[in-house]
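J.:
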Amino acid sequence: AQRVTQPEKLLSVFKGAPVELKCNYSYSGSPELFWYVQYSRQRLQLLLRHISRESIKGFTADLNKGETSFHLKKPFAQEEDSAMYYCALSAPNTGFQKLVFGTGTRLLVSP
Amino acid sequence: GAVVSQHPSWVICKSGTSVKIECRSLDFQATTMFWYRQFPKQSLMLMATSNEGSKATYEQGVEKDKFLINHASLTLSTLTVTSAHPEDSSFYICSARDSAPSGSYEQYFGPGTRLTVT
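From first to last, the protein sequence lines stand for chains A and B.
Under our numbering, think of the first position of the first sequence as 2, with each following residue one higher.
Under our numbering, think of the first position of the second sequence as 1291, with each following residue one higher.
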């Protein structure tokens, strides 16, 4: 079964500090991994996906197949990064259609 | 950018009544839409995949007769919670995939509908 684990419910850092939001997954094949973000009172939106290898708003995430991880990183957190972050996976056996979400990590960046 | 709307944004209904929630893709066509349920401080759980012109595919444990899904057009899917009970109170979120050949197949999410059953 596909599963996404985000071990931290809350991550609190000061502005300018590095941030790493952890995500581990369980799937035996080659999944597609995503990070979604939900700012306060806004809808869920895609932040980045591993196949695009982009840096969005200063965030990056590298897929580590050996460790089955897809941690989200940013070297210098900003207050506007405060939000709920969800790691998600889609698998080839669903045609990469279905998303399986982790439980989410709330990032709080203090001034 | 691609926008998905939901209506209503919140609804309160009495136990035993039925409630219909609409999900629309505003500027793109979506042959596939998804319905999720989110409990407070928990993750999104996929309920069903809505396919235009065919029956929805429900996830294990989701009662298809309880949660009726209709995807009659390329821009509209509806979720009807039949004979609602207080335990159906939740936040329901839909998403839609851009199915155009030039589309990214990214899922775009609606703002959600808060259902409270009294």
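Note that CB positions come from ideal geometry on N, CA and C, so glycine has one too.
None of the values given here were measured: they were computed from a predicted structure.
Kindly confirm or deny that the region 1296–1309 of chain B and the region 51–67 of chain A touch, where touching means at least three C-beta pairs closer than 8 Å.
T.: no
J.: Using beta carbons (cut-off 9 Å, strictly below), is B/Met1335 in contact with chain A?
T.: Yes, because at least one Cβ of chain A sits closer than 9 Å to the Cβ of B/Met1335.
J.: Considering only the alpha carbon of each residue, which of B/Val1407, B/Met1337, B/Glu1396, B/Thr1347 lies closest to A/Leu45?
T.: Ranking the options by Cα distance to A/Leu45, first place goes to B/Glu1396.
J.: If you run the structure through DSSP and keep just helix, strand and coil, what is A/Glu55?
T.: A/Glu55: coil per DSSP, three-state reduction.
J.: Is the beta carbon of A/Val14 less than 9 Å from the beta carbon of A/Phe102?
T.: no
J.: Suppose you measure from the CA of A/Thr95 to the CA of B/Leu1364; what does that come to, to the nearest Å?
T.: Taking the CA atoms as reference points, A/Thr95 sits about 21 Å from B/Leu1364.
J.: As a quick exercise: from B/Phe1324, B/Thr1408, B/Pro1376, pick the residue whose alpha carbon is nearest that of A/Lys99.
T.: B/Phe1324
J.: Could you work out which residue in A/Pro76, A/Arg107, A/Gly67, A/Tyr86 is closest to A/Ser31 when comparing CA atoms only?
T.: A/Gly67
J.: Taking all protein chains shown into account, decide if B/Lys1354 is buried (16 or more other Cβ within 10 angstroms of its Cβ) or exposed.
T.: exposed
J.: Could you confirm whether any beta carbon from chain A is found closer than 9 Å to the beta carbon of B/Pro1330?
T.: no
J.: Is there a Cβ from chain A that is less than 9 Å from the Cβ of B/Gly1343?
T.: no
J.: Pull up the DSSP beta-bridge partners for B/Val1352, would you.
T.: BP columns for B/Val1352 are empty, so no partner.
J.: Is the beta carbon of B/Thr1368 closer than 9 Å to that of B/Asn1360?
T.: Yes, the Cβ-Cβ distance between B/Asn1360 and B/Thr1368 is below 9 Å.
J.: Taking just the CA atoms, how far does A/Lys75 sit from B/Leu1405?
T.: 36 Å
J.: CA-CA distance, A/Ala92 and A/Arg50?
T.: Cα to Cα, A/Ala92 sits roughly 13 Å from A/Arg50.
J.: Could you give the distance in angstroms between the alpha-carbon of A/Leu73 and the alpha-carbon of A/Gln79?
T.: 15 Å
J.: Distance cutoff 9 Å, beta carbons only. Does B/Val1351 sit that close to anything in chain A?
T.: The residue you asked about is not Val; residue 1351 of chain B is Gly in the sequence shown. False, the Cβ-Cβ gap to chain A never drops below 9 Å.
J.: Going straight from the alpha carbon of A/Asn65 to that of A/Tyr26, what length do you get?
T.: The straight-line gap from Cα to Cα measures roughly 10 Å.
J.: Assuming A/Thr106 is part of the beta strand (DSSP E), what are its boundary residues?
T.: 106–111 is the extent of the beta strand (DSSP E) around A/Thr106.
J.: From which residue to which residue does the beta strand (DSSP E) around B/Leu1366 run?
T.: 1366–1371
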